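Participant: Before anything else, here's the structure in question.
Protein chains: 2
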Amino acid sequence: MPRTMLDRFEQRKATRAKLIDAALDLFSSSGYDHATVDEISQAAGYSKGAYYFHFSTKDDILLELLRMWTEDRNVTLAGITEEARNPDGLQDSIASFFSYASSPRWPGVLLEFWAQAMRNQEVSKRLTEAYAVWRKQISEAFDVARSAGVIAQTVSDAADVVLAAHDGFAVRNAIGAPGAKAMSAADLAESLLQPLEVASVERRAIAQ
Amino acid sequence: MPRTMLDRFEQRKATRAKLIDAALDLFSSSGYDHATVDEISQAAGYSKGAYYFHFSTKDDILLELLRMWTEDRNVTLAGITEEARNPDGLQDSIASFFSYASSPRWPGVLLEFWAQAMRNQEVSKRLTEAYAVWRKQISEAFDVARSAGVIAQTVSDAADVVLAAHDGFAVRNAIGAPGAKAMSAADLAESLLQPLEVASVERRAIAQ
Numbered sequence: 001m002p003r004t005m006l007d008r009f010e011q012r013k014a015t016r017a018k019l020i021d022a023a024l025d026l027f028s029s030s031g032y033d034h035a036t037v038d039e040i041s042q043a044a045g046y047s048k049g050a051y052y053f054h055f056s057t058k059d060d061i062l063l064e065l066l067r068m069w070t071e072d073r074n075v076t077l078a079g080i081t082e083e084a085r086n087p088d089g090l091q092d093s094i095a096s097f098f099s100y101a102s103s104p105r106w107p108g109v110l111l112e113f114w115a116q117a118m119r120n121q122e123v124s125k126r127l128t129e130a131y132a133v134w135r136k137q138i139s140e141a142f143d144v145a146r147s148a149g150v151i152a153q154t155v156s157d158a159a160d161v162v163l164a165a166h167d168g169f170a171v172r173n174a175i176g177a178p179g180a181k182a183m184s185a186a187d188l189a190e191s192l193l194q195p196l197e198v199a200s201v202e203r204r205a206i207a208q
Numbered sequence: 001m002p003r004t005m006l007d008r009f010e011q012r013k014a015t016r017a018k019l020i021d022a023a024l025d026l027f028s029s030s031g032y033d034h035a036t037v038d039e040i041s042q043a044a045g046y047s048k049g050a051y052y053f054h055f056s057t058k059d060d061i062l063l064e065l066l067r068m069w070t071e072d073r074n075v076t077l078a079g080i081t082e083e084a085r086n087p088d089g090l091q092d093s094i095a096s097f098f099s100y101a102s103s104p105r106w107p108g109v110l111l112e113f114w115a116q117a118m119r120n121q122e123v124s125k126r127l128t129e130a131y132a133v134w135r136k137q138i139s140e141a142f143d144v145a146r147s148a149g150v151i152a153q154t155v156s157d158a159a160d161v162v163l164a165a166h167d168g169f170a171v172r173n174a175i176g177a178p179g180a181k182a183m184s185a186a187d188l189a190e191s192l193l194q195p196l197e198v199a200s201v202e203r204r205a206i207a208q
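Just so you know, the protein sequences line up as chains A and B, in that order. For reference, each letter of the first sequence is one residue, going 1 to 208 in this note's numbering. For reference, each letter of the second sequence is one residue, going 1 to 208 in this note's numbering.
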């Protein structure tokens with residue numbers, strides 16, 4: 001029985017997803033430079049031909065992973081400005097932004113994005129764009145939180161601290177150095193924001 | 001004229017230093033996995049034989065760089081507990097710990113340490129040990145600062161935030177994403193500590 005066009009479409013989508021999943025595994029375990037297109041195809045259960053049907057180069061699949069990651073973090077930050085109207089909301093949003101609990105293979109791949117950014121202009125450009133968007137969103141949220149009396153600080157500096165903490169927390173998760181197990185994303189967000197809140201609560205206490 | 005033993009000793013030291021310097025360059029520009037012993041030797045102006053006189057493997061020189069880095073950061077943190085007796089001292093010490101202004105090639109090599117830690121047990125072990133030492137030192141400094149009325153927070157959580165910020169700041173420096181130019185190590189340290197100080201000053205104001 002001849003396959004329909006729809007079957008073929010669905011199968012191609014499944015093949016592509018399996019190739020991406022295999023690349024995610026291999027890049028975080030062997031490293032991007034070590035992993036080959038052969039290995040990715042084999043791990044996914046396909047031929048090199050299947051790989052080149054979906055991607056032109058090895059870089060291509062790295063850029064696809066980068067796109068998936070930035071989109072995923074965009075989703076976690078989507079409501080942050082609205083959430084920032086109450087202190088717990090801001091903290092929860094930042095904790096979600098830090099967290100890779102439901103996608104534990106990703107922190108290792110972030111190390112690969114960063115290393116490749118040093119020698120691949122396209123990776124560098126896309127990372128820079130993503131961080132700029134997040135910095136703006138987090139700054140806006142801090143700005144809203146500040147006007148709600150939650151924090152007092154330069155909002156873009158506060159956003160930079162959050163971004164640095166995100167990356168550092170990912171490093172800790174990837175390499176498993178002390179703190180990774182001890183400190184959850186929620187703890188980190190709380191430790192960053194709690195003193196800001198204390199300052200604000202006490203400022204209001206003085207004002208009363 | 002035959003060379004003396006001392007001449008030979010000095011020359012060996014110089015050769016070793018040049019090989020290490022070439023490795024630092026290559027690991028941060030091409031990445032650890034891409035760089036070869038041949039390239040390191042050639043960049044230093046020596047034969048592969050000279051390399052193997054000083055190091056057994058490529059890993060060996062990575063571990064030497066890791067040792068140099070952890071020792072350098074140990075030095076920047078050496079006086080932190082003493083410095084923590086005044087707020088500016090604590091902030092300055094943490095800013096020094098964050099800063100790679102005088103050694104701009106290092107943040108890129110940190111990315112390589114972290115990536116290798118995922119597949120090299122020795123790198124992972126040594127990184128874990130180094131972070132544990134720094135975490136202890138920074139926690140102690142925060143503890144001293146707290147008893148001096150400077151901050152209020154779980155000291156080990158505060159130390160974890162500092163370590164995460166260090167790594168994230170290094171990422172930003174290495175890949176040049178937004179924030180790297182805008183924010184200096186001193187700004188980052190101030191943004192982390194300022195709200196803590198504000199909280200404490202206001203707490204004392206209430207107590208009076």
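Virtual Cβ for every residue (Gly too), placed ideally from N, Cα, C. All figures in this text were calculated on a predicted structure; none of them were measured in a lab.
#1: Which residues, taken in chain order from the region 106-117 of chain B, show a beta carbon closer than 7 Å to some beta carbon of chain A?
#2: Where do the N-terminal and C-terminal ends of the alpha helix (DSSP H) with Phe113/B fall, by residue?
#3: Leaving out five residues before and five after Asp21/A in sequence, what residues of the same chain have Cβ atoms less than 8 Å from its Cβ?
#4: Are the region 111-128 of chain A and the region 6-15 of chain B touching, with three or more C-beta to C-beta distances below 8 Å?
#5: At the 9 Å Cβ level, is Leu188/A part of the contact set with chain B, yes or no?
#6: Determine the contact status of Gln116/B and Leu163/B, defining contact as a CB-CB distance below 9 Å.
#7: Note down, in chain order, every chain D residue with its Cβ under 8 Å from the Cβ of Leu66/B.
#8: Kindly list, in the order they appear in chain A, the residues whose Cβ is closer than 8 Å to that of Val161/B.
#9: Let me make sure I understand the geometry here. Which of Arg85/B, Leu65/B, Leu90/B and Gln11/B has the alpha-carbon closest to that of Thr76/B?
#10: With a 10 Å radius around its C-beta and 16 neighbouring C-beta atoms as the bar for buried, classify Gly108/A as buried or exposed.
#11: Please go through the same chain and pick out, in chain order, the residues whose beta-carbon is closer than 6 Å to the beta-carbon of Ala185/A, but skip the five residues on each side of it.
#12: Closer than 8 Å by beta-carbon distance: list the chain A residues that pair up with Arg16/B, in chain order.
#13: So is Met5/B buried or exposed if we call it buried at 16+ other beta carbons inside 10 Å?
#14: Since Arg119/A meets chain B, which of its residues come closer than 9 Å, beta carbon to beta carbon?
#15: What does Met183/A touch in chain B if you count any residue whose Cβ is under 9 Å from its own?
#16: Report buried or exposed for Phe53/B, applying the criterion of at least 16 other Cβ atoms within 10 angstroms of its Cβ.
#17: Kindly indicate which three-state DSSP category Asp33/B falls into: helix, strand or coil?
#18: Buried or exposed, going by whether 16 or more other CB atoms sit within 10 Å of the CB of Thr57/A?
#19: In this structure, how does DSSP classify Leu19/A when only helix, strand and coil are distinguished?
#20: Give me the chain B residues within the contact set of Ala174/A, using Cβ-Cβ distance strictly less than 9 Å, ordered along the chain.
#21: Can you give me the C-alpha to C-alpha distance between Leu19/B and Ala35/B, rounded to a whole angstrom?
#22: Taking Cβ-Cβ distances shorter than 9 Å, what residues in chain A pair up with Gly49/B?
#23: Taking 9 Å as the threshold (C-beta atoms), are Trp114/A and Asp72/A in contact?
#24: Under 8 Å by Cβ, that's how I've got Thr81/A and Glu140/A pegged, so tell me the actual separation to the nearest angstrom.
#25: Out of curiosity, what's the CA-to-CA distance linking Met68/B and Ile40/B?
#26: So that I know if they touch, is there some Cβ in chain A lying closer than 9 Å to that of Ala101/B?
#27: Per DSSP, what kind of secondary structure is Ser56/A in: helix, strand or coil?
#28: With DSSP run on the structure shown, which of helix, strand or coil describes Ser41/B?
#29: Are there 16 or more other CB atoms within 10 angstroms of the CB of Gln208/B, so buried, or fewer, so exposed?
#30: Compare the C-beta of Phe169/A with all C-beta atoms of chain B and state if any pair is closer than 9 Å.
#31: Cα-Cα, which of Gln11/B, Leu193/B, Asn173/B and Ala189/B is closest to Val102/B?
#32: Within 10 angstroms of the Cβ of Ala23/A, are there 16 or more other Cβ atoms? Answer buried if so, exposed if not.
Facilitator: Reading off the structure:
#1: Gly108, Leu111, Glu112, Trp114, Ala115 and Ala117
#2: Trp106 to Ala117
#3: Ala44
#4: no
#5: yes
#6: no
#7: The displayed structure is made up of protein chains A and B, and chain D is not among them.
#8: Ala165, Leu188, Ser191 and Leu192
#9: Leu90/B
#10: buried
#11: Ala95, Phe98 and Ser99
#12: What Arg16/B touches in chain A: nothing, since even the nearest Cβ is about 26 Å away.
#13: exposed
#14: Ser29, Ser30, Gly31 and His34
#15: Ser156, Asp157, Asp160, Val161 and Ala164
#16: exposed
#17: coil
#18: exposed
#19: helix
#20: Trp114, Ala115, Ala117 and Met118
#21: 13 Å
#22: Near Gly49/B there are no residues of chain A at all, since even the closest Cβ is about 26 Å away, more than 9 Å.
#23: no
#24: 5 Å
#25: 18 Å
#26: no
#27: coil
#28: helix
#29: Reliability of the predicted coordinates at Gln208/B is poor, the pLDDT of 46 falling under 50, and the value obtained from them is presented with this limitation in mind. Looking at its Cβ environment, which holds fewer than 16 other Cβ atoms inside 10 Å, Gln208/B is exposed.
#30: yes
#31: Before going further, note that residue 102/B is Ser rather than Val in the sequence given. The shortest C-alpha separation from Ser102/B is found at Asn173/B.
#32: buried
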